[in-house]
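Some notes on the structure that comes next.
In our numbering, the protein residues as written are 4 to 379.
This is how it looks when you write it as structure tokens:
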């Protein structure tokens, strides 16, 4: 049993009691999005551009059936994995910000598996082996801060930050001395072509997608979201996770091992983040590249916040951020007067309204709803 204080992650439980899901899960986030895009529109006007033109390019770039939609879904796939990793930890009262390092380290697991077995296993079996490699390496990273939190009281935020830097340095070393395909290269050797699943454009040509990185990992992400929902709200471990997150003392009185639950949660969280490597390293690149995570692990925190720590919300939030990333890329070509960083500004505004100003926006709307119900 552990006697350390558990981190308190806002779950809005005190506000959500008696409130419908459509209000807390959809209406309030929608208002926050409107405010974020409204402020972004004012910034566009301030630099002499048309907000309507910018939004048109963003939407068309993100959802055109040729390259936009499949690229959006590809971006969203990685965000779903890292967002779900944050969600699982949140429900245990833990703040896992090691998703970037966990996904990065899992990339090593995927690479070792593919280089070792890629020449002898067909693509469907290699896909399963790559998943196992990602889960093992991502979970191994999560195990370390979980044990340190449970046994020594070392804060998960601190330990995951420290481990991120250790993983980044170790991956640089591994690439330089073990995996690099040539001296000075930042890429590993390519995986055997026969071991890599075809991209979705080749597997399902009737969809009309161009040759984008979208691959079968998208369906794996949706299945994983369903698994996380079952885990948190339908399994015994999920019940223990929620009890530990809401009241560790009550968990002890209920006979729940807080230490065991914390460690298990961090292992699962790290494993989920590690699945991002299956999408990028195995499904898209067919090799390991340094810095392939590109900040997606950290963006998973924003995805989880926007998704209200619910798997369905994470999927929708990941689609939004994936669309912004793809639409922003298109905007650079069609609207060269708009800085490429403007897309980051929009993402920052969304996070600002969803996280920093959440209570300021949420409380008036919830108060209005309660007043309306009381007047009936």
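Ideal Cβ positions, reconstructed from N, Cα and C, are used throughout, including at glycine.
Notebook entry, point to check: With C-beta atoms as the reference, is residue 228 less than 9 Å away from residue 139?
Noted result: no
Checklist line | DSSP state of residue 361 mapped onto helix, strand, coil | finding: helix
Check: For residue 277 versus residue 142, is the C-beta distance shorter than 9 Å?
Finding: yes
Next item on the list: Within 10 angstroms of the Cβ of residue 123, are there 16 or more other Cβ atoms? Answer buried if so, exposed if not.
Entry: Residue 123 should be labelled exposed.
Next item on the list: Starting from the Cα of residue 193, find the closest Cα among 76, 115, 289 and 307 and give me that residue.
Entry: 289
Note to self: Are the CB atoms of residue 28 and residue 348 within a distance shorter than 9 Å?
What the structure shows: One thing to note: residue 348 has its Cβ no nearer than 9 Å to the Cβ of residue 28.
Margin query: For residue 195 and residue 162, what's the separation of their Cα atoms in angstroms?
Written below: 36 Å
Next item on the list: Leaving aside the five residues before and after residue 254 along the sequence, list all residues of the same chain whose C-beta is less than 8 Å from its C-beta, in chain order.
Entry: 243, 246, 247, 261 and 264
Next item on the list: For residue 188, name the three-state secondary structure that DSSP assigns.
Entry: Reduced to three states, the DSSP call for residue 188 is coil.
Note to self: Which residue marks the beginning of the alpha helix (DSSP H) containing residue 205, and which one marks its end?
What the structure shows: 203 to 206
Check: Is the CB-CB distance between residue 300 and residue 64 below 9 Å?
Finding: no
Check: With DSSP run on the structure shown, which of helix, strand or coil describes residue 53?
Finding: coil
Next item on the list: Take the Cβ of residue 105 as the centre, count every other Cβ of all protein chains shown within 10 Å, and call the residue buried at 16 or more, exposed below.
Entry: buried
Notebook entry, point to check: In whole angstroms, what is the alpha-carbon distance linking residue 112 and residue 133?
Noted result: 8 Å
Notebook entry, point to check: So what's residue 292 in DSSP terms, helix, strand or just coil?
Noted result: strand
Checklist line | Same chain, Cβ closer than 6 Å to residue 234, five either side skipped, listed in chain order | finding: 241
Margin query: Checking the sheet assignment: what are the DSSP bridge partners for residue 183?
Written below: Beta-bridge partners of residue 183 (DSSP): 191.
Next item on the list: Spatial neighbours of residue 38 within its chain, please: CB distance less than 6 Å, with the 5 preceding and 5 following residues excluded, ordered by chain position.
Entry: 356
Check: Which two residues bound the contiguous alpha helix (DSSP H) that contains residue 131?
Finding: 126 to 155
Checklist line | Residues near residue 116 by beta carbon distance below 6 Å, same chain, minus five either side | finding: 132, 133 and 136
Checklist line | Cut-off 6 Å between Cβ atoms - residues of its own chain near residue 322, not counting five sequence neighbours on either side | finding: 79
Notebook entry, point to check: Excluding five sequence neighbours on each side, which residues of the same chain lie with their C-beta closer than 6 Å to the C-beta of residue 14?
Noted result: Low local confidence applies: a pLDDT of 43 at residue 14 is under 50, so the model's placement there is unreliable, and no value is given.
Next item on the list: Please report the Cβ distance between residue 107 and residue 296, rounded to the nearest whole angstrom; I am assuming they are in contact, meaning their Cβ atoms lie under 8 Å.
Entry: 5 Å
Margin query: Does residue 24 pass the burial test, meaning 16 or more other C-beta atoms within 10 Å, or should it be called exposed?
Written below: exposed
Notebook entry, point to check: Looking only at its own chain, which residues have a Cβ that is under 8 Å from the Cβ of residue 53, when we skip the five neighbours before and after it?
Noted result: 47
Check: Is there contact here, the segment 301 to 311 with the segment 169 to 179, by at least three beta-carbon pairs under 8 Å?
Finding: no
Item checked: residue 155, buried or exposed, once every other Cβ within 10 Å from all chains shown has been counted against 16 -> With fewer than 16 Cβ atoms within 10 Å of its Cβ, residue 155 is classed as exposed.
Next item on the list: State the Cα-Cα distance for the pair residue 361 and residue 307, rounded to the nearest angstrom.
Entry: 14 Å
Item checked: Collapsed DSSP secondary structure at residue 123 in the structure displayed -> coil
Next item on the list: Please list, in chain order, all residues of the same chain as residue 283 whose beta carbon is under 7 Å from its beta carbon, the five residues on each side excluded.
Entry: Hits under 7 Å: 81 and 295.
Note to self: Is it buried or exposed, residue 413, if we count other Cβ atoms within 10 angstroms and call 16 or more buried?
What the structure shows: The question about residue 413 has no answer here: the residues shown for the chain are numbered 4 through 379.
Next item on the list: In the DSSP assignment, find the unbroken alpha helix (DSSP H) run with residue 314 in it and report its ends.
Entry: 314 to 337
Next item on the list: Look at the alpha carbon of residue 60 and the alpha carbon of residue 218, and state the distance between them as a whole number of angstroms.
Entry: Straight-line measurement puts the Cα of residue 218 at about 25 Å from the Cα of residue 60.
Check: Which residues mark the beginning and the end of the alpha helix (DSSP H) in which residue 309 is found?
Finding: 299 to 309
Check: Can you list, in chain order, the residues of its chain whose CB lies under 8 Å from that of residue 1, leaving out five sequence neighbours each side?
Finding: Outside the displayed range of the chain (4 to 379) lies residue 1, so it cannot be described from this structure.
Next item on the list: Return the CA-CA distance between residue 126 and residue 224, expressed in angstroms with no decimal places.
Entry: 18 Å
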